[in-house]
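Residue numbers (the numbering used here): -16 to 121. In this text, a Cβ means the ideal position worked out from N, Cα and C, and glycines have one as well. Presented below is the structure to which this report refers.
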């Protein structure tokens, strides 16, 4: 009977030990929430550009992206740099051909190219990621 009492006491002690830990986890989750709020993505207005087509037919590309700010950077700081970013994105997008947009590798390539241009334009670490929302070819 003593052993059962000790096991119960250990279980209760373990429960008491777990209780503050659960509160600690709650605080960590709140801290992550604040960090996630600080890393609010910047919604870039959709870009519509002409595509280069070999037959001369008018072709268009509509790209809608969001930019994830880097560590310690706000979406407002990125928004202030938006004219420079759009200026860097336009030449790349205008040089694309319809065949450059086929397959899933094309999506990855465009995402990576836009990220490289963003980092070269406003500095390394300012943009963490480019999130493609829409990529429509007409």
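DSSP three-state call for residue i: helix, strand or coil?
i, result
"residue 66", "helix"
"residue 116", "strand"
"residue 71", "helix"
"residue 83", "helix"
"residue 36", "coil"
"residue 58", "helix"
Bridge partners of residue i, per DSSP?
i, result
"residue 52", "110"
"residue 76", "Per DSSP, none; premise fails for residue 76."
"residue 45", "31, 119"
"residue 25", "50"
Cutting at 6 Å between CB atoms, please list the residues of its own chain near residue i, excluding the five before and the five after it.
i, result
"residue 26", "49"
"residue 119", "45"
"residue 112", "51"
Within the continuous beta strand (DSSP E) that includes residue i, where are the two ends?
i, result
"residue 32", "30 to 33"
By the DSSP assignment, the alpha helix (DSSP H) with residue i in it spans what residues?
i, result
"residue 95", "87 to 105"
Among residues of its own chain, excluding the 5 on either side of residue i, which ones have a beta-carbon nearer than 8 Å to its beta-carbon?
i, result
"residue 64", "104, 105, 109"
"residue 67", "104, 105"
"residue 117", "29, 45, 46, 47"
I believe residue i touches residue j by the beta-carbon criterion, under 8 Å. Please report the beta-carbon distance rounded to the nearest angstrom.
i, j, result
"residue 61", "residue 46", "In fact, because the Cβ distance is near 17 Å, the residues do not count as touching under 8 Å."
"residue 42", "residue 121", "7 Å"
Looking only at its own chain, which residues have a Cβ that is under 7 Å from the Cβ of residue i, when we skip the five neighbours before and after it?
i, result
"residue 24", "49, 50, 51, 58, 114"
"residue 75", "96, 100"
"residue 22", "51, 52"
"residue 83", "89"
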